[in-house]
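A short write-up of the structure that comes next.
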Amino acid sequence: MNAEACAAVARFIEGQAGADRAEVQAAVRLSGGAIQQNWRLQVQIEGGPHGGSHSLVLRTDAPSGVAASLGRPQEFALLRAAFDAGVTVPEPLWLCEDRALIGRPFFLMRCVAGTAAGHVLVKDSAWSGNRSRLAERLGAELARIHAIRPPRGDLSFLPDEPGAPALRAIQRFRDHLDALATPQPTLEWGLRRLERHAPPRGDTVLCHGDFRTGNYLVDEQGLTGILDWEFAAWGEPLQDIGWFCARCWRFGAYERGAGGIGPREDFYRGYEQASGHALDRSAVPYWELMAHVRWAVIALQQAERHASGEEPSLLLALTGHIVPELEHEIIAMTELP
Amino acid sequence: MIDTALTGAPLLDAGRILLRDELLPALSDTQRHAALMLVNALAIATRALHQGEGNDREELASLGLLLGRPPSEACTNVGDRLLSDNRLLCERIRAGQTDEGPWRAEVLAHLRATCRRQLAVSNPKVLAAVGSQRREPT
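The listed protein sequences correspond, in order, to chains A and B. The first sequence maps to residues 131 to 467 in my numbering. The second sequence maps to residues 963 to 1100 in my numbering.
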């Protein structure tokens, strides 16, 4: 962000915070985010209820961003709904939809400390406190997210589609596969299994859509924030649970079923205590298979962006090489008829 | 003529070793991450060159048996035939023809073998770990 953008953001904060004066003293681009850009801002506010020094994050679209499922205003509304429901998220502060300020919509939220790096979290317990407690806490957090249910005026941008969420997902993945250059028999095999055993529509809740290790922040004391809400949608609660527990999201710590960070039962217990109802454990493996197919489809789409010449990138190319490992797991999960 | 050890897989592998052993230790954390990706990419490319068309030909032969194509049928373009055979297999799986019966086991064996060949190029560690792989306690 150049000086002009920093000044524009400072004027915006003044108005929103009811301040006499605001100054962006530093702006540092945070790593990651091909679709969004995150900037850490050090902001000094004088006067008004927010007077003082603040560490904030400005989140906006990348200039050449791929069209994402949700825009910044929608993401801001989701963060607000989650924050109000008691979910541990960075507190969303102010949304600016006026493109005149920095050229793109943006919002500001409080900066939260910690690391999200999955391979670090599963290896080093210094970052995750008591593993069992972290797994339980994450279960409780997910239950709070799932307590948000339609209809919600503030989340009216989320479509409430009819039919069984499993069958909808299968159709979506098949459409994606049909659009790829190369046919994928093992994923078709997995999808056919999912189709034959698809559960009917159950409860409809707010699903985070990407609730997994790597998408939450942890410091030495424990969880500090749940991130990456751009895939949130009305859906089936077990979808998030299967995604979180799936072997492919354990960062090599395969023996710890709750996202590589703790025992699965601790995660389930946290979920059950916070939600107040029992979780059907026998229904989770179905959604873990779904998770592997979903991740494989996404990985193939990313690899195709490289292979087609649209976006040459070593990272995208290597993502394609994750697929055989996912297929290996899909085959293991479907050996028996 | 130039020695084959100076081109192709041996050349890539020499580059990978130089990167891993001499450059990597001197890099910052951010650069290290990028260099590790490069080491991985060079290793994949080296293994793929070693394989040559072997994987594709084995997959094609297996598909031919599954789909009942006469083995004598000549194939000039392996890539095109792989695409069309795999498309046909996909259609049949989607149509439910592998839900049960003897063909199910044959297709499963084919998928398993194909996956193992692809893993040998993309991520052989997975194959090495099979059997000794840490599993979740049940």
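Glycine included, C-beta positions come from ideal geometry on N, C-alpha and C. Remember, predicted model here, so these are calculated numbers, not experimental data.
Just the Cα atoms here: how many angstroms apart are residue i and residue j?
i: A996 (chain B); j: Q431 (chain A); result: 21 Å
i: L268 (chain A); j: R342 (chain A); result: 10 Å
i: L317 (chain A); j: E366 (chain A); result: 22 Å
i: R994 (chain B); j: V1069 (chain B); result: 42 Å
i: A967 (chain B); j: Q1013 (chain B); result: 16 Å
i: L444 (chain A); j: N1002 (chain B); result: 10 Å
i: H184 (chain A); j: L989 (chain B); result: 33 Å
i: A1091 (chain B); j: R1097 (chain B); result: 11 Å
i: Q166 (chain A); j: T354 (chain A); result: 21 Å
i: Q403 (chain A); j: F397 (chain A); result: 10 Å
i: A1082 (chain B); j: K253 (chain A); result: 26 Å
i: I356 (chain A); j: G400 (chain A); result: 16 Å
i: R188 (chain A); j: I143 (chain A); result: Going by the sequence as given, residue 188 (chain A) is Leu instead of Arg. So the two alpha carbons sit approximately 11 Å from each other.
i: V217 (chain A); j: A270 (chain A); result: 9 Å
i: G352 (chain A); j: N260 (chain A); result: 8 Å
i: A447 (chain A); j: A309 (chain A); result: 18 Å
i: D290 (chain A); j: D284 (chain A); result: 14 Å
i: Y416 (chain A); j: A311 (chain A); result: 28 Å
i: R282 (chain A); j: N1017 (chain B); result: 53 Å
i: G195 (chain A); j: L209 (chain A); result: Bear in mind that the predicted position of G195 (chain A) carries a pLDDT of just 49, short of 50, making it unreliable; the figure below should be weighed with that in mind. Those two C-alpha atoms are separated by around 21 Å.
i: E134 (chain A); j: R170 (chain A); result: 16 Å
i: P179 (chain A); j: A140 (chain A); result: 16 Å
i: R424 (chain A); j: R1031 (chain B); result: 32 Å
i: E457 (chain A); j: S1046 (chain B); result: 20 Å
Kindly indicate which three-state DSSP category residue i falls into: helix, strand or coil?
i: F361 (chain A); result: coil
i: P987 (chain B); result: helix
i: L1070 (chain B); result: helix
i: F206 (chain A); result: helix
i: G195 (chain A); result: Unreliable placement is indicated for G195 (chain A), whose pLDDT of 49 sits below 50; the coordinate value is still reported in the next sentence. In the structure shown, G195 (chain A) sits in coil (DSSP, three-state: anything other than H, G, I, E or B).
i: D410 (chain A); result: coil
i: P438 (chain A); result: The sequence given here has Ser at residue 438 (chain A), not Pro. DSSP places S438 (chain A) in coil when its eight states are reduced to three.
i: A147 (chain A); result: helix
i: Y346 (chain A); result: strand
i: V1088 (chain B); result: helix
i: A215 (chain A); result: coil
i: Q993 (chain B); result: helix
i: S405 (chain A); result: helix
i: T1008 (chain B); result: helix
i: H85 (chain A); result: Chain A is shown from 131 up to 467; residue 85 (chain A) falls before or after that span and cannot be answered.
Using a 10 Å radius around the Cβ and a threshold of 16 neighbouring Cβ atoms, would you call residue i buried or exposed?
i: S1084 (chain B); result: buried
i: N1048 (chain B); result: buried
i: A156 (chain A); result: exposed
i: M239 (chain A); result: buried
i: W379 (chain A); result: buried
i: T992 (chain B); result: exposed
i: N345 (chain A); result: buried
i: F381 (chain A); result: buried
i: I460 (chain A); result: buried
i: F374 (chain A); result: buried
i: T190 (chain A); result: buried
i: I964 (chain B); result: exposed
i: P313 (chain A); result: buried
i: G392 (chain A); result: buried
i: V348 (chain A); result: buried
i: R411 (chain A); result: exposed
i: A230 (chain A); result: exposed
i: G248 (chain A); result: buried
Q: Would you check if there are 3 or more beta carbon pairs closer than 8 Å linking the region 968 to 980 of chain B to the region 417 to 435 of chain A?
A: Flag = no, the region 968 to 980 of chain B and the region 417 to 435 of chain A do not touch.
Q. Is the region 975 to 987 of chain B touching the region 1001 to 1015 of chain B, taking contact as three or more C-beta pairs under 8 Å?
A. Judged by Cβ distances under 8 Å, the region 975 to 987 of chain B makes contact with the region 1001 to 1015 of chain B, as three or more pairs qualify.
Q) Touch check for the region 295 to 309 of chain A and the region 362 to 381 of chain A: three-plus C-beta pairs under 8 Å? A) Taking a contact to require three or more Cβ pairs closer than 8 Å, the region 295 to 309 of chain A and the region 362 to 381 of chain A qualify as touching.
Q) For the 8 Å Cβ check, are there 3 or more pairs between the region 263 to 278 of chain A and the region 375 to 391 of chain A? A) Between the region 263 to 278 of chain A and the region 375 to 391 of chain A, the count of Cβ pairs shorter than 8 Å is three or higher; the stretches touch.
Q. What residue ranges within the region 218 to 270 of chain A form continuous beta strand (DSSP E) runs of no fewer than 3 residues, ordered along the chain?
A. Segments of the beta strand (DSSP E) lying fully in the region 218 to 270 of chain A: 222 to 226, 236 to 240.
Q | At least three beta-carbon pairs within less than 8 Å, the region 333 to 342 of chain A to the region 275 to 282 of chain A | A | Touching, per the Cβ criterion.
Q) Does the count of Cβ pairs from the region 222 to 229 of chain A and the region 324 to 331 of chain A closer than 8 Å reach three? A) Verdict: no, contact absent.
Q: Could you name each continuous alpha helix (DSSP H) segment of 4 residues or more that falls completely within the region 295 to 321 of chain A, going from the start of the chain to the end?
A: Given a length threshold of 4 residues, each whole run of the alpha helix (DSSP H) inside the region 295 to 321 of chain A is given here in chain order: 295 to 309.
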